[in-house]
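Residue numbers (my numbering), protein chains in the order written: chain A, 1 to 370; chain B, 371 to 677. Note that beta-carbon positions come from the ideal geometry of N, C-alpha and C, so glycine has one too. It should be emphasised that the depicted structure is a prediction, and the values quoted were computed from it without experimental measurement.
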Amino acid sequence: MRKVELKEITKTYDGKIDVLSSIDVTIEPGEFFVLVGPSGCGKSTMLRMIAGLESITSGELALDGKRANALPPSERDLSMVFQNYALYPHLTVEQNITFGLHVKKISKKEQKVRCEEVCEMLGLTPYMKRKPKELSGGQRQRVALARAVVTEAPLCLMDEPLSNLDAKLRAKMRSEIRQLQRKLGLTMIYVTHDQTEAMTMADRMMILSNGRVQQIGRPLDVYNHPDNLFVASFIGSPPMNLIEAEVSDSMLTADGHWVMPIPNEKKWLLREDKVMLGIRPEHIKLAKESEPGFFVQVANVEVLGTETLVTFDFGEKSQWVAKWSGQYDILPGTKLRITVDNKHYAFFSVKNGKRLDRSPIPAAVKKVSS
Amino acid sequence: MTMAQEVRASDEKKLRKREWSNFLTGILFLLPSLLLFGVFLFYPMVRTVYLSLFLTSSQGVPIVFVGWDNFFALFQSTSFQLSAKATALFVLYTVPASVLLATALAVLANQKLKGIGLFRTMFSATMGMSVAASSVIWMFLFNPSIGLFNRILAALNIPGIQWLLDPQYALLSVSIATIWMNTGFAFLILLGGLQNIDSSLYESAKIAGVSDACQLRKITLPMLSPTLFFVTTVTLINAFQTFGQIDLLTKGGPMESTNVIVYSIYKDAFINYNVGSASAQAVLLFAAVLIVTVIQFKIGERKVHYQ
Numbered sequence: 001m002r003k004v005e006l007k008e009i010t011k012t013y014d015g016k017i018d019v020l021s022s023i024d025v026t027i028e029p030g031e032f033f034v035l036v037g038p039s040g041c042g043k044s045t046m047l048r049m050i051a052g053l054e055s056i057t058s059g060e061l062a063l064d065g066k067r068a069n070a071l072p073p074s075e076r077d078l079s080m081v082f083q084n085y086a087l088y089p090h091l092t093v094e095q096n097i098t099f100g101l102h103v104k105k106i107s108k109k110e111q112k113v114r115c116e117e118v119c120e121m122l123g124l125t126p127y128m129k130r131k132p133k134e135l136s137g138g139q140r141q142r143v144a145l146a147r148a149v150v151t152e153a154p155l156c157l158m159d160e161p162l163s164n165l166d167a168k169l170r171a172k173m174r175s176e177i178r179q180l181q182r183k184l185g186l187t188m189i190y191v192t193h194d195q196t197e198a199m200t201m202a203d204r205m206m207i208l209s210n211g212r213v214q215q216i217g218r219p220l221d222v223y224n225h226p227d228n229l230f231v232a233s234f235i236g237s238p239p240m241n242l243i244e245a246e247v248s249d250s251m252l253t254a255d256g257h258w259v260m261p262i263p264n265e266k267k268w269l270l271r272e273d274k275v276m277l278g279i280r281p282e283h284i285k286l287a288k289e290s291e292p293g294f295f296v297q298v299a300n301v302e303v304l305g306t307e308t309l310v311t312f313d314f315g316e317k318s319q320w321v322a323k324w325s326g327q328y329d330i331l332p333g334t335k336l337r338i339t340v341d342n343k344h345y346a347f348f349s350v351k352n353g354k355r356l357d358r359s360p361i362p363a364a365v366k367k368v369s370s
Numbered sequence: 371m372t373m374a375q376e377v378r379a380s381d382e383k384k385l386r387k388r389e390w391s392n393f394l395t396g397i398l399f400l401l402p403s404l405l406l407f408g409v410f411l412f413y414p415m416v417r418t419v420y421l422s423l424f425l426t427s428s429q430g431v432p433i434v435f436v437g438w439d440n441f442f443a444l445f446q447s448t449s450f451q452l453s454a455k456a457t458a459l460f461v462l463y464t465v466p467a468s469v470l471l472a473t474a475l476a477v478l479a480n481q482k483l484k485g486i487g488l489f490r491t492m493f494s495a496t497m498g499m500s501v502a503a504s505s506v507i508w509m510f511l512f513n514p515s516i517g518l519f520n521r522i523l524a525a526l527n528i529p530g531i532q533w534l535l536d537p538q539y540a541l542l543s544v545s546i547a548t549i550w551m552n553t554g555f556a557f558l559i560l561l562g563g564l565q566n567i568d569s570s571l572y573e574s575a576k577i578a579g580v581s582d583a584c585q586l587r588k589i590t591l592p593m594l595s596p597t598l599f600f601v602t603t604v605t606l607i608n609a610f611q612t613f614g615q616i617d618l619l620t621k622g623g624p625m626e627s628t629n630v631i632v633y634s635i636y637k638d639a640f641i642n643y644n645v646g647s648a649s650a651q652a653v654l655l656f657a658a659v660l661i662v663t664v665i666q667f668k669i670g671e672r673k674v675h676y677q
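Structural data, given as structure tokens:
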């Protein structure tokens, strides 16, 4: 277990454009910390800086409280799993796993014992004598994991380790990596562009965009209280529905003719002329007869078995998606009347994208304890 | 014939017709290279084998069929034995040294440093130079009175060497010049091979703390092995076929010490007008290159790691 602190870390290659600017975060020992963001946001660069593969332009990196900016990678006592696994094609699985252990003064016998243990743990025992090219994608992934685990380093860095796997295997490995991390008590820093991975695996996550931290927090906190428009649209699948609304006379008007009353407790909205209104797909409901609602035309329906995604035209330009649990038999073109409980509205500034109200969007987190 | 059989027969006929037209299209694409190879390679090769079995006139016209006599004569001739020995030594001097030097330079030039492009250009520059031009440069360097090498020796108070005129040194001198000429090509190919190695392999080793020397041995060389194998094969075949620098620097002399096979073939065919014997030597050279290459492939396959 290791504590990783980043203080005001900035990275630039040409001295002009910051690839990362003022990153400030403390990763607690034993934590599964996910860096998530679209490609090119600087998340891999940040990971490589922690590993010591990239230099830090300014700021301080501390491992267990000690400054580590100039420490070579090998002295940081960490392991890393690369996106392409970085397996040596000319070595067998066993040789790949034990590669480099001699540097740590581990005897041949000990190496063998450790390798066998790790292979047993990851189900690689039958493949120990094979070369990487004789393995499937998932097995290669496991070898890369084994190589990280065998070093017994307390900090493990992973750079999009699942992005080369198919969807089914990815879901399986997600859970396996998480269990492995818990079992070994590793501090894990995990980079991904996939918000599902971030949501399902993280203890805490950091959302990055254009080299800037957008939000740091526990997955549900981030989902329920997105700090800004970027986070709101990036986290969640399908993403939050957004539309610009004009504020006037205690009414919100979206796209000219969609009118919603402003709830009493949100009268402060009157200070703004325009706001960005966000609604999560699961909060859009079919309106009962007694409820006020809007008529919309269904554009597409995706039935996923446990839930149904209904895409409908909202206004002239935008399409919204509603997520209803259960199976619905709706034909495209059908007119539906929908409604949203106004407590589920999220408001963002049109100018800077920041969340306007700090009260959480209510969510139904159900606690189950044994 | 039933209906179904008829249909099947007509299907098969269509399929066969399509296969045939595919084959013709393929041949059409191959035709230009087949034509060129045929005129400049296959026909001369067959003709060489044919001529090697004849006694020929000074115009190269076959006169009397003599069977293996040309070959027997060659095996007994001391001149041919010297020539074979010179060729073997020349290959031995140039191939390992060229490949080693080029590998070392490529590993050096593969670093990410400022201005490394300049070195890469310099190291590969010999590839862009003709054998003739390079030979002239080396002739000046080897010149006993005004050449650079003897001046250096003189500065060190060592008596000068007749680089190209002393039978003891001539083959070595030509070899040194050849190594220099080979370096550019081998360097460029090897550098390309090095740059194809995934950088994450080195990063992973760096995190494990593996030393640079160990990385070179355990990662670079095995990953480079297919390229090294290719470069070695090509350099080897080129060494067997060396002609230009021999002709320009030593003309096979002194005392036939640099009279490698290809030069000997040239002399027999176009100076002594003994085309039969020259053809026999060419056939033997072909056989030698073939055998060495086959052996190399057999041994190499075990050591080369293709991805």
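For residue i, write down the residues that DSSP places opposite it in a beta bridge.
| i | result |
| --- | --- |
| Ser349 (chain A) | A:Val275 |
| Ser79 (chain A) | A:Cys156 |
| Tyr190 (chain A) | A:Val34 and A:Met158 |
| Asp18 (chain A) | A:Thr12 |
| Thr426 (chain B) | B:Pro432 |
| Trp324 (chain A) | A:Thr308 |
| Arg337 (chain A) | A:Phe295 |
| Asn228 (chain A) | A:Lys354 |
| Ser209 (chain A) | A:Arg212 |
| Ile400 (chain A) | Absent from the model: residue 400 (chain A). The displayed extent of chain A is 1 to 370, so no value can be given. |
| Phe314 (chain A) | A:Ser318 |
| Arg204 (chain A) | A:Phe33 |
| Glu376 (chain B) | Answer by DSSP bridge pairing: none, since Glu376 (chain B) is not bridged. |
| Glu302 (chain A) | A:Leu309 |
Sort the options by Cα distance to residue i and report the nearest one.
| i | options | result |
| --- | --- | --- |
| Phe82 (chain A) | A:Lys131, A:Ser44, A:Ser175 and A:Glu54 | A:Ser44 |
| Leu331 (chain A) | A:Phe347, A:Thr187, A:Asn352 and A:Leu309 | A:Leu309 |
| Pro537 (chain B) | B:Leu518, B:Ser569, B:Lys384 and B:Met625 | B:Met625 |
| Gly305 (chain A) | A:Gln95, A:Lys266, A:Trp324 and A:Tyr223 | A:Trp324 |
| Lys455 (chain B) | B:Arg378, B:Gly622 and B:Arg521 | B:Gly622 |
| Gly353 (chain A) | A:Met49, A:Lys274 and A:Thr311 | A:Lys274 |
| Leu20 (chain A) | A:Pro126, A:Arg48, A:Glu116 and A:Ile189 | A:Arg48 |
| Leu208 (chain A) | A:Thr200, A:Leu220, A:Asp227 and A:Met201 | A:Asp227 |
| Leu145 (chain A) | A:Lys112, A:Ser79, A:Lys172 and A:Lys133 | A:Ser79 |
| Ile549 (chain B) | B:Ser581, B:Asp568, B:Arg386 and B:Leu606 | B:Leu606 |
| Thr440 (chain B) | B:Phe667, B:Glu382, B:Ala650 and B:Val659 | Position check: residue 440 (chain B) holds Asn in this sequence, whereas Thr was assumed. For Asn440 (chain B), the nearest C-alpha among the options comes from B:Ala650. |
| Phe312 (chain A) | A:Ile177, A:Thr92, A:Pro281 and A:Ala148 | A:Pro281 |
| Cys119 (chain A) | A:Lys133, A:Val150, A:Leu184 and A:Leu135 | A:Val150 |
| Val662 (chain B) | B:Gly408, B:Thr603 and B:Phe407 | B:Thr603 |
Going by beta carbon distance, what residues of the same chain come within less than 6 Å of residue i, once the five residues before and after it are set aside?
| i | result |
| --- | --- |
| Ile284 (chain A) | Ala322, Ile338 and Val340 |
| Asp203 (chain A) | Glu31 and Phe32 |
| Ala148 (chain A) | Ser79, Val81 and Cys156 |
| Val191 (chain A) | Leu35, Lys43, Ser44, Leu47, Asp159 and Glu160 |
Please go through the same chain and pick out, in chain order, the residues whose beta-carbon is closer than 7 Å to the beta-carbon of residue i, but skip the five residues on each side of it.
| i | result |
| --- | --- |
| Pro72 (chain A) | Gly52 |
| Gly430 (chain B) | Val645 |
| Gly563 (chain B) | Leu594 and Thr597 |
| Phe613 (chain B) | Val632, Tyr633 and Tyr636 |
| Asn688 (chain B) | Missing from the structure shown is residue 688 (chain B); chain B here goes from 371 to 677 and no further. |
Would you say residue i touches the ligand ZN, meaning its beta carbon is less than 7 Å from a heavy atom?
| i | result |
| --- | --- |
| Ala70 (chain A) | As for the ligand ZN, it is missing from this structure, which has no ligand bound. |
Going by beta carbon distance, what residues of the same chain come within less than 8 Å of residue i, once the five residues before and after it are set aside?
| i | result |
| --- | --- |
| Phe600 (chain B) | Ile559 |
| Pro238 (chain A) | Pro281, Leu309, Val321 and Lys323 |
| Gln215 (chain A) | Met206, Ile207, Val222, Pro226, Asp227, Asn228 and Val231 |
> Which ranges would you report for the beta strand (DSSP E) in the segment 629 to 667 of chain B if only whole runs of at least 3 residues count?
Replying inline: Within the segment 629 to 667 of chain B, not a single complete beta strand (DSSP E) segment reaches 3 residues in length.
> Does the segment 2 to 18 of chain A come close enough to the segment 47 to 65 of chain A that 3 or more CB-CB pairs lie under 8 Å?
Replying inline: The segment 47 to 65 of chain A vs the segment 2 to 18 of chain A: in contact.
> So, do the segment 83 to 92 of chain A and the segment 152 to 164 of chain A have three or more beta carbon pairs nearer to each other than 8 Å?
Replying inline: The answer is yes - the segment 152 to 164 of chain A touches the segment 83 to 92 of chain A, with three or more Cβ pairs under 8 Å.
>> So within the segment 35 to 117 of chain A, which uninterrupted alpha helix (DSSP H) runs reach at least 4 residues, ignoring any that extend past its ends?
In response: Entirely contained in the segment 35 to 117 of chain A, the alpha helix (DSSP H) runs reaching 4 residues are, in chain order, 43 to 51 and 93 to 98.
> Curious, which full-length alpha helix (DSSP H) runs of at least 4 residues does the segment 560 to 625 of chain B contain?
Replying inline: The alpha helix (DSSP H) runs lying completely inside the segment 560 to 625 of chain B and spanning 4 residues or more are 569 to 578, 582 to 585, 591 to 610 and 614 to 619, given in chain order.
>> Pairs of beta-carbons, one from the segment 85 to 103 of chain A and one from the segment 562 to 574 of chain B, closer than 8 Å: are there three or more?
In response: Flag = yes, the segment 85 to 103 of chain A and the segment 562 to 574 of chain B touch.
>> Assess contact between the segment 61 to 70 of chain A and the segment 575 to 593 of chain B, defined as three or more Cβ pairs (one per stretch) separated by less than 8 Å. Is contact present?
In response: The segment 61 to 70 of chain A is not in contact with the segment 575 to 593 of chain B.
>> Which residues of the segment 49 to 80 of chain A have a Cβ closer than 9 Å to any Cβ of chain E? Give them in chain order.
In response: The question asks about chain E, but that chain is absent: this structure's protein chains are A and B.
> Counting pairs of beta carbons, one from the segment 552 to 571 of chain B and one from the segment 484 to 501 of chain B, are three or more of them closer than 8 Å?
Replying inline: With the cut-off at 8 Å, the segment 552 to 571 of chain B and the segment 484 to 501 of chain B touch.
> Where in the segment 230 to 260 of chain A do unbroken runs of the beta strand (DSSP E), each at least 3 residues long, occur, reported from the N-terminal end onward?
Replying inline: You should have 241 to 248 and 251 to 254.
>> Does the structure place the segment 197 to 206 of chain A close enough to the segment 27 to 47 of chain A that three or more beta carbon pairs sit under 8 Å?
In response: Yes: the two stretches touch, three or more of their Cβ pairs being nearer than 8 Å.
>> Any contact between the segment 264 to 280 of chain A and the segment 245 to 256 of chain A? By contact I mean 3 or more CB pairs, one from each, below 8 Å.
In response: A contact exists between the segment 264 to 280 of chain A and the segment 245 to 256 of chain A.
> Between the segment 122 to 135 of chain A and the segment 103 to 111 of chain A, are three or more C-beta pairs nearer than 8 Å?
Replying inline: Too few Cβ pairs lie closer than 8 Å, so no.
>> In chain order, what are the residue ranges of uninterrupted beta strand (DSSP E) at least 3 long that sit wholly in the segment 380 to 426 of chain B?
In response: Annotation: the segment 380 to 426 of chain B contains the following complete segments of the beta strand (DSSP E) (minimum length 3 residues), in chain order: 424 to 426.
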